[in-house]
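Quick notes on the structure that follows.
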Amino acid sequence: MNVLDVMKYGHLTLLEKLGGLPESAWEVKGVVGSWSVKDLVAHLASFEQVLVELLGSFLDPSQPTPTLELFHSRPDFNDTQVAARREMAPSDVLSEYERWHTRALELAARLPPDVFRQHGTLPWYGMDYDLEDFIVYTYYGHKREHGAQIALFKKRHAQEKTG
1 MNVLDVMKYG HLTLLEKLGG LPESAWEVKG VVGSWSVKDL VAHLASFEQV LVELLGSFLD
61 PSQPTPTLEL FHSRPDFNDT QVAARREMAP SDVLSEYERW HTRALELAAR LPPDVFRQHG
121 TLPWYGMDYD LEDFIVYTYY GHKREHGAQI ALFKKRHAQE KTG
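Residue numbers for the sequence shown follow UniProt numbering, beginning at 1 and rising by one.
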């Protein structure tokens, strides 16, 4: 498996689902629970930030990982990260997501392929799993899931607009 391709295609899937979404719909609640599309993208931006810190820690274990630590320690991580971006414009939230994603790709490209397949390097994720598993499930799968939710919202929103 090529981790860079997995990361790229998860990202492209999300962007495809966001395509054609009217600006006026970005902050409409109810895409997932009380979250809007903007909230979902803010949520995914925080996950990209976690991935940047995680990948960076494989390159330099002395790098600080404050967002990764919050990810592990705060049951309300998702809500606090979305709330931290609440006042941002939708375009700024999307730009932040894209910046973190680009940085994650850059860092992943610097890691030797065997690093992604070493079981036990993420003990908090499970000793039988590796970084590749984490990226596939927590990033690719995550973006596919939220992309599908956005697609359903877009369909529902379009139907409501047409009556």
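In this text, a Cβ means the ideal position worked out from N, Cα and C, and glycines have one as well.
Remember, predicted model here, so these are calculated numbers, not experimental data.
What separation, rounded to the nearest whole angstrom, lies between the Cα atoms of residue i and residue j?
i	j	result
Leu-4	Tyr-97	17 Å
Glu-145	Ala-89	23 Å
Pro-22	Thr-13	18 Å
His-72	Arg-156	35 Å
Glu-27	Met-1	36 Å
Thr-65	Ala-158	41 Å
His-11	Thr-162	30 Å
Pro-123	Phe-134	11 Å
Ser-24	Gly-33	19 Å
Leu-107	Arg-86	28 Å
His-142	Tyr-9	12 Å
His-101	Lys-29	25 Å
Arg-103	Gln-63	15 Å
Glu-160	Asp-92	27 Å
Val-82	Asp-39	6 Å
When the distance is taken between beta carbons, is residue j closer than 7 Å to residue i?
i	j	result
Val-41	Leu-105	no
Lys-17	Gly-147	yes
Glu-53	Leu-68	yes
Val-31	Gln-149	yes
Glu-132	Phe-153	no
Val-6	Tyr-140	yes
Indicate the three-state DSSP secondary structure (helix, strand or coil) for residue i in the structure shown.
i	result
Val-52	helix
Val-28	coil
Met-7	helix
Which parts of the stretch 98-155 are runs of the alpha helix (DSSP H), unbroken and 4 residues or longer, counting only runs that do not cross its ends? 131-135
Taking 8 Å as the cut-off, does the stretch 106-121 touch the stretch 57-67 (at least 3 CB pairs, one atom from each stretch)? yes
Taking one C-beta from the stretch 43-53 and one from the stretch 76-91 each time, how about it: are there three or more such pairs within less than 8 Å? yes
Contact between the stretch 121-133 and the stretch 12-29 is defined here as three or more beta-carbon pairs at a separation below 8 Å; is this criterion met? no
Extract the residue ranges of the alpha helix (DSSP H) inside the stretch 34-79, only unbroken runs of 4 or more that lie entirely within it. 37-59 and 66-73
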